[in-house]
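**Q** Sharing a structure, written as structure tokens. Questions coming.
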Amino acid sequence: MSIELQSPQPNLREHGFLDCTSHYNGANVIRDRIMSIRSFKNPHEGWLLNETVVAEACSDGDTSSEYFLSLLIDGQTSRQLELDFGAGSFRRPTRSGLLCFADFHFPQILKGVGPFHSISLTVRRDWMHDKIYELTDGRLPSLEVLSSRAFEDHTIEALLKEFVAKCRQPAHQGQKTAIDEIMTGICRGLIRIADPKIKMAPRESRSYDLVRRLLSYMERHLHEDLSLETMAAAVGVSPAYLSRQFRKTMGVTLKGHLLSMRVDLARRLLITQPQSTTIAEIAKRCGFYNTSHLCQIFRREIGTTPEVYRRHLI
11 MSIELQSPQP NLREHGFLDC TSHYNGANVI RDRIMSIRSF KNPHEGWLLN ETVVAEACSD
71 GDTSSEYFLS LLIDGQTSRQ LELDFGAGSF RRPTRSGLLC FADFHFPQIL KGVGPFHSIS
131 LTVRRDWMHD KIYELTDGRL PSLEVLSSRA FEDHTIEALL KEFVAKCRQP AHQGQKTAID
191 EIMTGICRGL IRIADPKIKM APRESRSYDL VRRLLSYMER HLHEDLSLET MAAAVGVSPA
251 YLSRQFRKTM GVTLKGHLLS MRVDLARRLL ITQPQSTTIA EIAKRCGFYN TSHLCQIFRR
311 EIGTTPEVYR RHLI
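Now the structure itself:
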């Protein structure tokens, strides 16, 4: 699988944010609006994945044959973002986990001052339509409702974060399969939000709902010692069944994803919490055994220690 990296070669700041100018839809995005961007794309499968920090939301008014999905990771402002994607204007509160969906066939209006830290996925319309037809036995639900409001979905949120994690990894056998499963999971989630009554494969529906409930539980209890047995009891299934269904739905192990969630929370706290917040406090709030455990996992996943990571954000 070929994934193109649209930024300077990886270095220490690769896992923070890179200060570079990007080109999107053929137009220059100026530095005073995009503070940093890291992009991945597969030119053969028609998707573009961005992780950005934006000082000001803006749109160049261009249209294209693509869909756009955005996840807010952090927004260091109390002001709401004003949006209009062609299905009516609405406001997106500055709350982590909120998703927005747009059809780029229509001009977009975005107004708001950040900074906003987001993950966004742009997908060709024809690819998404084919995938939806595959999942719904030839039915295409109206996606317009997704463009009329901000919404939340723990599974889609987790899949987008896992997508970024997968793209950061060096190319390896099984990467394409894992990303295909992530893309399928995202499409399945969007279908279910757009039309809750639409029928998909029953076994896949049960697995999706199980994972959605589990991810919601994990988000609320990340500070705790979450064993497989504890999580299985919380969603009412056996540990072995939970482990199998999670890997099938998400394309990763439950243990690996739990660690990724803990590291992601630690990253957010390092960015948003005062410098007086100790690494030990952050480790405790993220569910790590101690500071040493956090540093070990953080270095493995991010490539540097929490202290060095925080210094490079100043």
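For the sequence shown, position 127 matches number 137 in my numbering, and the numbering has no gaps at all. Each residue gets a CB set at the ideal place from its N, CA and C atoms; glycine is no exception.
Identify which residue in K171, I83, I119 has its Cα closest to the Cα of V63.
**A** Numbered from its first residue, the sequence shown carries residue 63 at position 53. The shortest C-alpha separation from V63 is found at I83.
**Q** Do Q118 and F100 have their CB atoms nearer than 7 Å?
**A** Counting from one through the sequence shown, the residue named residue 118 turns up at place 108. Counting from one through the sequence shown, the residue named residue 100 turns up at place 90. Contact flag unset, no.
**Q** Is it the case that the Cβ atoms of E92 and G122 are separated by a distance below 7 Å?
**A** Translated into the one-based positions of the sequence shown, residue 92 becomes position 82. Translated into the one-based positions of the sequence shown, residue 122 becomes position 112. Yes. Within cutoff.
**Q** Would you mind working out which of S237, T263, I142 sits nearest I196, comparing C-alpha positions?
**A** Taking the sequence shown and counting its residues from 1, the one referred to as residue 196 is at position 186. For the residues S237, T263, I142, the minimum Cα distance to I196 belongs to I142.
**Q** Check this for me: beta carbons of S49 and S130, under 7 Å apart or not?
**A** Here the question's residue 49 lines up with position 39 in the sequence shown. Here the question's residue 130 lines up with position 120 in the sequence shown. Going by C-beta atoms, S49 is not nearer than 7 Å to S130.
**Q** In its own chain, which residues sit with a C-beta less than 6 Å from the C-beta of F298, not counting the 5 before and 5 after it?
**A** The residue labelled residue 298 in the question sits at position 288 within the sequence shown. Excluding the 5 residues flanking it on each side, F298 has same chain C-beta neighbours closer than 6 Å at L304, in chain order.
**Q** Please determine, among E66, L170, A112, V318, the residue with the shortest C-alpha to C-alpha distance to S152.
**A** Position 142 of the sequence shown holds residue 152. Comparing Cα positions, the closest option is A112.
**Q** Quick one: what's got a C-beta closer than 7 Å to G36's C-beta in the same chain, skipping five residues either side?
**A** Residue 36 sits at position 26 when you count from the first residue of the sequence shown. In this predicted model, G36 has a pLDDT of only 35, less than 50, meaning its place in the structure is not dependable; the value taken from the coordinates is given anyway. So the list is empty, once near-sequence residues are dropped.
**Q** If you scan the segment 86-114 from start to end, which runs of the beta strand (DSSP E) of 3 or more residues do you find wholly inside it?
**A** 91-94, 99-102, 108-113
**Q** Express the C-alpha separation of L150 and A97 in angstroms, rounding to a whole number.
**A** On the sequence shown, position 87 is the one that residue 97 refers to. On the sequence shown, position 140 is the one that residue 150 refers to. Distance between the alpha carbons of A97 and L150 is about 18 Å.
**Q** Alpha carbon to alpha carbon, how far is E61 from G266? Give it in angstroms, no decimals.
**A** By 1-based counting over the sequence shown, the position of residue 266 is 256. By 1-based counting over the sequence shown, the position of residue 61 is 51. Near 21 Å, if we compare the C-alpha coordinates of E61 and G266.
**Q** With a floor of 3 residues, list each beta strand (DSSP E) that falls wholly inside the segment 263-296, ordered by position along the chain.
**A** none
**Q** Does the separation of the CB atoms of E191 and G261 fall below 7 Å?
**A** Counting from 1 along the sequence shown, the entry for residue 191 is found at position 181. Counting from 1 along the sequence shown, the entry for residue 261 is found at position 251. Yes.
**Q** Output the distance between the C-alpha atoms of H231 and R89, rounded to the nearest integer angstrom.
**A** To locate residue 231, count along the sequence shown from 1; it is residue 221. To locate residue 89, count along the sequence shown from 1; it is residue 79. One Cα belongs to H231, the other to R89, and the distance between them is close to 28 Å.
**Q** Pick from I203, G199, R134: whose alpha carbon is nearest that of R159?
**A** Counted from its first residue, the sequence shown places residue 159 at position 149. Closest by alpha carbon: I203.
**Q** Mind pulling the beta strand (DSSP E) runs of 3 or more residues that sit fully within the segment 227-262?
**A** none
**Q** Under the rule that 16 or more other beta-carbon atoms within 10 Å means buried, what is Y77, buried or exposed?
**A** As a working note, residue 77 is residue 67 in the sequence shown. Flag for Y77 reads buried.
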